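Engineer:
Residue numbers (this note's numbering): 54 to 1050.
1) State the start and end residues of the unbroken alpha helix (DSSP H) segment that holds residue 984.
2) Quick one: using the 10 Å Cβ neighbour count with 16 as the cut-off for buried, is residue 431 buried or exposed?
3) Taking residue 827 and residue 858 to be in contact with their CB atoms under 8 Å, please state how far apart those CB atoms are, rounded to whole angstroms.
4) According to DSSP, simplified to helix, strand and coil, what is residue 914?
5) Got a sec? Which residues, its chain only, sit under 7 Å from residue 1078 by beta carbon, not counting five neighbours each side?
6) For residue 814, report the span of its beta strand (DSSP E) as first-last.
7) Can you tell me where the beta strand (DSSP E) with residue 507 in it begins and where it stops?
8) Quick check on residue 428: buried or exposed, where buried means 16 or more other Cβ atoms within 10 Å of its Cβ?
9) Does DSSP classify residue 859 as helix, strand or coil?
10) CB-CB under 7 Å to residue 906, same chain, minus the five flanking residues each way: which ones, in chain order?
11) With burial defined as no fewer than 16 other Cβ atoms inside 10 Å of the residue's Cβ, what is the status of residue 481: buried or exposed?
12) For residue 876 and residue 85, what's the separation of their Cα atoms in angstroms?
13) Which of the three DSSP states, helix, strand or coil, is assigned to residue 421?
14) Residue 940: which of 968, 1006, 965 and 954 sits nearest, CA to CA?
15) Determine the burial state of residue 449: buried for a count of at least 16 other Cβ atoms within 10 Å of its Cβ, exposed for fewer.
16) With residue 186 as the anchor, note down where its beta strand (DSSP E) starts and where it stops.
17) From the DSSP output, read off the bridge partner residues of residue 212.
18) Decide if the region 230-240 is in contact with the region 365-383; the criterion is three or more beta carbon pairs, one per stretch, under 8 Å apart.
19) Kindly indicate which residue of 293, 476, 324 and 340 has the alpha-carbon position closest to the one of residue 304.
20) Which one of 796, 426, 310 and 229 has the shortest CA to CA distance from residue 164?
21) What is the DSSP secondary structure of residue 879, counted as helix, strand or coil?
22) Apart from the five residues on each side of it in sequence, which residues of its chain come closer than 7 Å, Cβ to Cβ, to residue 138?
23) Three or more beta-carbon pairs under 8 Å between the region 790-810 and the region 507-522, yes or no?
24) Run through DSSP, which three-state label would residue 232 get?
25) Taking the C-alpha atoms as reference points, what is the distance between residue 977 and residue 817?
26) Just how far apart, CA to CA, sit residue 408 and residue 364?
27) Just mark residue 258 as buried or exposed, buried being the case when its beta carbon has 16 or more other beta carbons within 10 Å.
28) Mapping the DSSP letters down to three states, classify residue 888 as helix, strand or coil.
29) Once the 5 residues before and after residue 894 are set aside, which same chain residues still bring their CB inside 7 Å of it?
30) Please state the DSSP three-state secondary structure of residue 870.
31) Going by DSSP, name the residue or residues bridged to residue 849.
32) Return the chain-ordered list of same chain residues with a C-beta closer than 8 Å to the C-beta of residue 965, the five sequence neighbours on each side being excluded.
33) Would you decide whether residue 447 is buried or exposed? Buried here means 16 or more other CB atoms lie within 10 Å of its CB.
34) Measuring CB to CB, does residue 934 end up less than 8 Å from residue 354?
35) Take residue 502 and list the residues in its own chain whose beta-carbon comes closer than 8 Å to its own, dropping the five residues that flank it on each side.
36) Can you give the Cα-Cα distance for residue 204 and residue 92, rounded to whole angstroms?
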């Protein structure tokens, strides 16, 4: 048991168990990154509110990811054969919707509107939009693989892209970068440590201890993330690996140097182990605690990406535990063999570089500091340029999703691939004319905004106005109808005037006068017959007189017959001029002005009354005239018979008297009929006069109607050309009709209380120019809806530009806050280590100069070396975290070594020079190790990691230059006396420590 304690066997057993558990329990890192490693934005930001609104859209969009299939034929138009192949592919995808959990498919063949949006102007590219269900069991990796396989089309270059697909490719690239980094860093560290210690064995011990800490740390962090939603991101794993490999190797160098130095002084391996752990371990612990504090305070950050760096703090804790417990085992077991094949041990060699730099800086310390300020402050204050928020730069150009995205930008527009979506949520339904009119007004305002390419909405689903749904187009139909109506009224008016003229031309009054004359003649005839009867009765002997009278009667009978024929002809003529409503309507139709149903009814009523009267009159006249004619014929016959049989009449007076009595009776009937006919003809004349007056009034009214229609048409034409006529209006029937249903389904949620507008910008969605347009668009939306029925509606902007803008806003604000917190934490740690107030200020000033200067240099090198004009948006933050938290170690190494000499007599400058000379080699070696470790990130191909690596490397170089110049100069100015109070305090501490030992 004592032997096991002496050789730290229990430490080894404990770490073996821990590593075994770590390997067994570690979750799937790729799945963990996909599920919980994405950047999250608080619910108060636009993009998150928009995402929450989208979830209310229904099954077709809730819990889905947007996938775009790109069919491309280079710069040439798609051929007929290729289009047929694409159609077959689309049909195949639709047939497998349920199998691959595809919630909706939008193809160019769905409608003309879809075709205008999904087929490029040069006809070389066609898009297919899919909404695919996303879950932990149906991950983006699975979706990408399934759709890629399903969308493969013969003879056409096919890509599968989308925001989530690109993010997954970024995660895959990061994971691949981690694997490359681990291998490259291990090889580099092995080679450097071999050169430093001149032994192939020493690097193995260092790599083994660091590997144990890396495996354990990643497992611990992954389980915390999986079970307790610990902060996590794409970069957490890679930075744990880099930081632990970097500072772990640095700390091992320090510990191994202390151990080797004790062995060189003749100490046995057990004593050397204890002293190395006690002295070197204290420096390691101080340095590690500084890093730990710097990383831990990131837990107070609001931004999830910044907060995810807390995982590094967990790794630092594990690293310190491994190094201070596992290294003693190797030291105690191996002893001098740990540095095989070296047998003669010497202490760490002095650094001539740091010695000369520190020596010259203390000769003229003030001048030195001024020169440093002149050289490095302008470098640090130089602008680092605009940051790049485009995640595409993180992905290699050989990734299919990126290639497809670039094809879309090239053949459509930069903003087409990732449009901005404006969500408007109301408390009432929006499928009504008033709400849609407001949506259309907003759509027009957005379309007129600079930098906006297209805007699609429920009223303009294809990004263009539907002309038939606007008042000016609808008024065009109205004015055309009014013109036709005016022409029809004029034709009717003309026809009625013609009918009135014909009625007026008929001589009905003359017929009435003739009938009156006939009645008078009939009465005279009756009176003559009465006289004749009287004469016959009075004197039967006057034969000659009777003969004369009979001759006169015969003549008058012929005249009566003639007059009756004339009257009958006149009545027939008057009756013939009457026209039926059918004849009149036919006449108008022949004239090209068909009457309406109402007009036909009015005309038919008037003419029907006339026709009825005429028919009654005609029937009466016909009967009367026929009777009169028969009677007249009978009178003539009787006259002839009387004339020829006058002699017989004389002998038969009684018979003649009876005949004359009959003739008198017939004449009386003729007189009565004639009187009735005259009365009816007079009534008919009055009715025809009334009809003529009515037709005159009708023509006057129709003339007024024509004038009114013309005036109304003139007004409507003027209104049609005005701005007021450009208003959206959709009739209720069309609103709920089949033709408008697709637009409502696409742009209105199932409950009709949520609508969206799709805005395509001219700029790249991730560019600063695109982000700068969002506040302007938001102002337009709020201004357009204010004071309307949608004035209190909730508005949110979604899409890549909105999310990028939110990340920019959140990252910028949180960066300053995090920097202050981190500097404050490290400042406190430095105060504890240095027991000074001035030294922490100077150290942090050096770190900030190195950080800002390194970013400036990387910005200058970005274009010629990396082929990009900007730093990625998260490069400044992670560079700051890495350089400040890791770079502080070197200052702690220096100042801890300085404090070791405080108990010795001599000036402050002498002790500082001695500390810089001794620790310089360790710091330079550690700097090379850390720089090489970060250099292992460069082959990852991830732009952010490459830029961070370059910035950290350059920052370490600047630190190695600034530390031996600035710190000695400041110490010389601050502590000019040969033997300061700090030295006396240090001597007292040393004596107290010796007494305890």
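Beta carbons are placed, not taken as given, at the ideal position from N, Cα and C, and that holds for glycine. What you are looking at is a predicted structure, and each value in this text was computed from that prediction instead of being measured.
Structural biologist: The short version:
1) In the chain shown, residue 984 corresponds to position 931, counting from 1. First-last of the alpha helix (DSSP H) with residue 984: 961-988.
2) Position 378 of the chain shown holds residue 431. Exposed.
3) Mapped onto the chain shown, residue 827 falls at position 774. Mapped onto the chain shown, residue 858 falls at position 805. Contact holds; Cβ gap of about 5 Å.
4) Looking up residue 914 in the chain shown gives position 861. Correct three-state label for residue 914: helix.
5) Shown here, the chain extends from 54 to 1050; a query on residue 1078 therefore has no answer.
6) In the chain shown, the residue the question calls residue 814 occupies position 761. Run containing residue 814: 807-814, per the beta strand (DSSP E) assignment.
7) The residue given as residue 507 occupies position 454 in the chain shown. It spans 505-509 - the beta strand (DSSP E) in which residue 507 sits, taken as one unbroken run.
8) Walking along the chain shown from the start, residue 428 turns up at place 375. With fewer than 16 Cβ atoms within 10 Å of its Cβ, residue 428 is classed as exposed.
9) In the chain shown, the residue the question calls residue 859 occupies position 806. Reduced to three states, the DSSP call for residue 859 is helix.
10) Here residue 906 corresponds to residue number 853 of the chain shown, with the count starting at 1. Once the five neighbours on either side are set aside, the close Cβ partners of residue 906 are 429, 432, 433 and 1011.
11) For this step, residue 481 is matched to residue 428 along the chain shown. Exposed, because fewer than 16 other Cβ atoms sit within 10 Å of the Cβ of residue 481.
12) By one-based count along the chain shown, residue 876 stands at place 823. By one-based count along the chain shown, residue 85 stands at place 32. So the alpha carbons of these two residues sit roughly 31 Å apart.
13) Here residue 421 corresponds to residue number 368 of the chain shown, with the count starting at 1. It is helical.
14) Numbered from its first residue, the chain shown carries residue 940 at position 887. Checked all of 968, 1006, 965 and 954; the closest Cα to residue 940 is 1006.
15) Translated into the one-based positions of the chain shown, residue 449 becomes position 396. Classification of residue 449: exposed, given that the 10 Å Cβ count is below 16.
16) Here residue 186 refers to the residue found at position 133 of the chain shown. From DSSP, the beta strand (DSSP E) with residue 186 extends over 178-186.
17) Taking the first residue of the chain shown as 1, we reach residue 212 at position 159. Residue 212 pairs with 123.
18) no
19) To locate residue 304, count along the chain shown from 1; it is residue 251. Among 293, 476, 324 and 340, the Cα nearest to that of residue 304 is on 340.
20) Here the question's residue 164 lines up with position 111 in the chain shown. If we check each option's Cα against that of residue 164, 796 comes out closest.
21) The residue labelled residue 879 in the question sits at position 826 within the chain shown. If DSSP states are grouped into helix, strand and coil, residue 879 belongs with the helices.
22) For the purposes of this step, residue 138 is taken as the residue at position 85 of the chain shown. Result list for residue 138: 206, 207, 208 and 209, in chain order.
23) yes
24) Translated into the one-based positions of the chain shown, residue 232 becomes position 179. Reduced to three states, the DSSP call for residue 232 is helix.
25) Counting from 1 along the chain shown, the entry for residue 977 is found at position 924. Counting from 1 along the chain shown, the entry for residue 817 is found at position 764. In a straight line, the C-alpha of residue 977 is about 44 Å away from that of residue 817.
26) Taking the chain shown and counting its residues from 1, the one referred to as residue 408 is at position 355. Taking the chain shown and counting its residues from 1, the one referred to as residue 364 is at position 311. If you take the alpha carbons of residue 408 and residue 364, they lie about 38 Å apart.
27) As a working note, residue 258 is residue 205 in the chain shown. Buried: at least 16 other Cβ atoms inside 10 Å.
28) The sequence position of residue 888 within the chain shown is 835, counting from 1. Coil, per DSSP.
29) The residue you call residue 894 lines up with position 841 of the chain shown. Contacts found: none.
30) Taking the chain shown and counting its residues from 1, one reaches residue 870 at position 817. Residue 870: helix per DSSP, three-state reduction.
31) By one-based count along the chain shown, residue 849 stands at place 796. 476.
32) Your numbering for residue 965 matches position 912 in the chain shown. The answer, listed in chain order, is 411, 415, 951, 1020, 1021, 1024 and 1025.
33) Position 394 of the chain shown, counted from the first residue, corresponds to residue 447. Buried, since its Cβ has 16 or more Cβ neighbours within 10 Å.
34) Against the chain shown, residue 934 aligns to sequence position 881. Against the chain shown, residue 354 aligns to sequence position 301. Not in contact: residue 934 and residue 354 (Cβ atoms no closer than 8 Å).
35) Position 449 of the chain shown, counted from the start, is the residue given in the question as residue 502. Within the same chain, residue 502 has close Cβ partners 826, 829, 830 and 833.
36) For the purposes of this step, residue 204 is taken as residue 151 along the chain shown, with counting starting at 1. For the purposes of this step, residue 92 is taken as residue 39 along the chain shown, with counting starting at 1. Approximately 29 Å, taken between the alpha carbons.
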